[in-house]
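Q:
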Amino acid sequence: MPKTLTGAELQLDDGPARDAELFLVDGNNLAYRAFFALPEELATTEGFPTNALLGFTNMLFKLLSDYRPKGVAVAWDTRAVHRHELSEDYKSDRRPMPDLLGEQFPYFRPIVEAFGYRNLEFEGWEADDVIATLATRADEAGIKTCVVSTDRDAFQLVTDNVVLMMTPRGVADVNVYTPDRVEARYGIRPDQVPDFIGLKGDTSDNIPGVPGIGDKTAGQLIAQYGSVEEVLEHVDDLSPARRKNITEHAEQAARSKELATMRRDLDLDCDPALLVLLPPDRSELREMFRRFEFRNLLGRVDILDEAVPAQAMRMPGTEVAWREGEFPEVTGRAALAIRDDRFALARPT
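Heads up: the sequence shown runs through residues 29 to 377, numbered per my numbering.
Have a look at this one:
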């Protein structure tokens with residue numbers, strides 16, 4: 029197994045993220061991260077809690093001002109029907125949303141919209157499956173993409189075109205992972221991460237894995253054998269104690285891997301090439317910042333003018349991003365462009 033790196037040995041600067049055209053953000057993940065990163069005492073003069081909103085808003089502001097992407101989408105969880113069918117215990121140990129976070133939650137989506145970003149939510153699927161599907165489509169289209177999440181299972185999405193941005197402390201500092209950096213940290217390729225979690229488990233999602241196997245052993249086994257299936261195939265090569273443990277939990281390891289595997293093939297009516305930034309609604313942002321008493325952000329709204337990109341994303345070699353299929357039902361105002369025997373429809377989103 030190759031030597032893994034930790035701490036200062038591991039270079040995780042944000043340089044690779046600065047090439048990204050599209051940012052895909054796990055909204056629930058970022059909201060929770062912000063809530064637990066900042067003091068619960070943060071509140072307006074009238075007592076309304078704002079710690080999660082402040083951390084969340086700071087990250088959205090950072091994406092636009094520091095990275096100047098062409099598109100940003102924030103995906104939100106719905107009930108994970110697919111994973112609950114695999115395991116009734118999936119995420120069953122998670123505590124209910126804290127009351128202080130629940131009070132702030134209705135305001136996250138409006139803030140996203142005010143920045144000119146897109147909110148995405150698809151019934152029956154978690155945000156990470158939506159992000160996985162869109163990141164895979166973007167990867168195939170050659171769109172440089174940055175996924176923003178602190179969930180370890182998101183490492184599996186990293187490719188030459190897709191990087192992962194994590195916030196190790198709060199929401200201010202960021203670490204960015206490329207394929208080489210994932211391998212340097214864990215000794216395995218990004219696509220082997222579900223196998224890694226299949227053995228190690230993930231307590232945050234109540235994915236059991238194999239009892240007694242931690243990061244180091246899981247990484248060694250997957251690096252040596254390649255997958256959970258191959259570990260089970262070569263279980264006789266292991267020590268008697270390890271062989272007995274893995275054999276007794278073989279079905280659990282396979283199910284854990286499946287739970288950790290993000291869905292990349294959802295039937296989503298969403299083209300990542302069309303997730304283009306709208307101009308930020310500066311008046312709405314100012315109103316929100318005044319309401320929540322974000323004085324520092326209020327004084328920085330004008331710098332967003334410099335960060336709005338000049339043009340939308342296009343796939344190389346094309347003038348217009350075409351999507352073929354059945355003609356959708358259209359209500360309200362729309363615009364029609366016609367060229368030869370093809371036409372394009374544009375409607376407000």
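Virtual Cβ for every residue (Gly too), placed ideally from N, Cα, C.
Let me know the alpha helix (DSSP H) ranges lying completely inside the region 122-177, each 4 residues or longer, listed in chain order.
A: Entirely contained in the region 122-177, the alpha helix (DSSP H) runs reaching 4 residues are, in chain order, 127-132, 136-142, 155-168.
Q: Who are Y205's beta bridge partners in DSSP?
A: Beta-bridge pairing links Y205 to L192.
Q: Can you list, in chain order, the residues of its chain with a C-beta nearer than 6 angstroms to that of A338? Leave out the 5 residues immediately preceding and following it.
A: No answer about A338 holds up, because its pLDDT of 43 lies below 50 and its placement is not dependable.
Q: Would you tell me roughly how many angstroms separate the C-alpha atoms of I171 and R283, rounded to the nearest one?
A: Taking the straight line from one Cα to the other gives about 32 angstroms.
Q: Given a threshold of 16 other Cβ atoms within 10 Å of its Cβ, counted over all protein chains shown, does M29 qualify as buried or as exposed?
A: Since pLDDT at M29 reaches only 46, below the 50 mark, its modelled position is unreliable, and no value is offered.
Q: Using only the alpha-carbon positions, how far apart do I306 and V140 sit?
A: The sequence shown places Leu at residue 306, not Ile. Cα to Cα, the separation comes out at about 11 angstroms.
Q: Relative to the C-alpha of R310, which candidate in S232, R46, D330, T275 has its C-alpha closest?
A: With distances taken between Cα atoms, R310 lies closest to D330.
Q: Tell me, please, which residues DSSP counts as bridged to I250.
A: Looking at the DSSP assignment, I250 forms no beta bridge with any residue, so it has no partner.
Q: Run the proximity test for T173: is its beta-carbon closer than 7 angstroms to any non-hydrogen atom belonging to the ligand SAM?
A: Absence of the ligand SAM from the depicted structure is noted, as is the absence of any ligand whatsoever, leaving it without description.
Q: Would DSSP call P97 helix, strand or coil?
A: P97 falls in the coil class under three-state DSSP.
Q: Taking three-plus beta-carbon pairs below 8 angstroms as touching, is the region 49-64 in contact with the region 174-188?
A: They touch, by the three-pair rule.
Q: What do you reckon, are the CB atoms on L287 and D157 nearer than 8 angstroms?
A: Against a cut-off of 8 angstroms, the Cβ pair of D157 and L287 comes out as no contact.
Q: Below 6 angstroms CB to CB, which residues in the same chain sit around G144 once its five sequence neighbours on both sides are set aside?
A: Cβ within range, chain order: L305, L306, P307, P308.
Q: Looking at the unbroken alpha helix (DSSP H) that takes in V221, where does it start and where does it end?
A: Its alpha helix (DSSP H) spans residues 221-228.
Q: Along the chain, where does the alpha helix (DSSP H) containing F64 start, and where does it finish?
A: That run of the alpha helix (DSSP H) goes 55-65.
Q: Work out the CA separation of R318 and L81 for me, nearest whole Å.
A: Roughly 13 angstroms separates the two Cα atoms.
Q: Would you kindly work out how many angstroms separate the C-alpha atoms of F51 and E334, rounded to a whole number?
A: So the two alpha carbons sit approximately 18 angstroms from each other.
Q: Report yes or no: is there a C-beta of chain B within less than 8 angstroms of the C-beta of D201?
A: As a matter of chain content, chain B is missing from the structure shown, which is built from one protein chain.
Q: Could you give the uninterrupted runs of the alpha helix (DSSP H) lying entirely in the region 233-305, keeping only those of 4 residues or more?
A: List check, alpha helix (DSSP H) in window: 243-253, 256-261, 268-276, 278-288.
Q: Three Cβ pairs or more, each shorter than 8 angstroms: is that satisfied between the region 269-276 and the region 226-241?
A: Touching, yes, given that three or more Cβ pairs across the two stretches are closer than 8 angstroms.
Q: Report the three-state DSSP secondary structure of A48 (helix, strand or coil).
A: It is coil, neither helix nor strand.
Q: DSSP puts A212 in a beta bridge; with which residues?
A: For A212, which the question treats as bridged, DSSP gives no partner whatsoever.
Q: Would you mind stating whether L40 and N203 have Cβ atoms separated by less than 8 angstroms?
A: Result yes, Cβ atoms of L40 and N203 sit closer than 8 angstroms.
Q: Quick one: is R107 buried, meaning 16 or more other Cβ sit within 10 Å of its Cβ, or exposed?
A: Answer is exposed; the Cβ neighbour count stays below 16.
Q: Evaluate contact between the region 194-208 and the region 41-50, counting only Cβ atoms and requiring at least three cross-stretch pairs below 8 angstroms.
A: Verdict: yes, contact present.
Q: For L325 and E257, what's the separation of their Cα atoms in angstroms?
A: When rounded, the distance between both Cα atoms is 51 angstroms.
Q: Put V199 into one of helix, strand or coil per three-state DSSP.
A: Here V199 sits in coil by DSSP.
Q: Pop quiz: L227 and A281 are said to be a contact at Cβ under 8 angstroms. What is the actual Cβ separation, rounded to whole angstroms?
A: The pair is a contact, with the Cβ atoms about 6 angstroms apart (cut-off 8 angstroms).
Q: Tell me where the alpha helix (DSSP H) around D179 begins and ends.
A: From DSSP, D179 is part of no alpha helix (DSSP H); its letter is neither H nor E.
Q: Apart from the five residues on each side of it in sequence, which residues of its chain come closer than 6 angstroms, Cβ to Cβ, to D105?
A: Answer for D105: N56, E154, A155, listed in chain order.
Q: Would DSSP call P307 helix, strand or coil?
A: Coil, per DSSP.
Q: Alpha carbon to alpha carbon, how far is G99 from P124? Give it in angstroms, no decimals.
A: Computed Cα separation, rounded: 32 angstroms.
Q: Check the C-beta distance from A142 over to E312 and give it rounded, since I have them as a contact under 8 angstroms.
A: That pair is a contact at about 4 angstroms.
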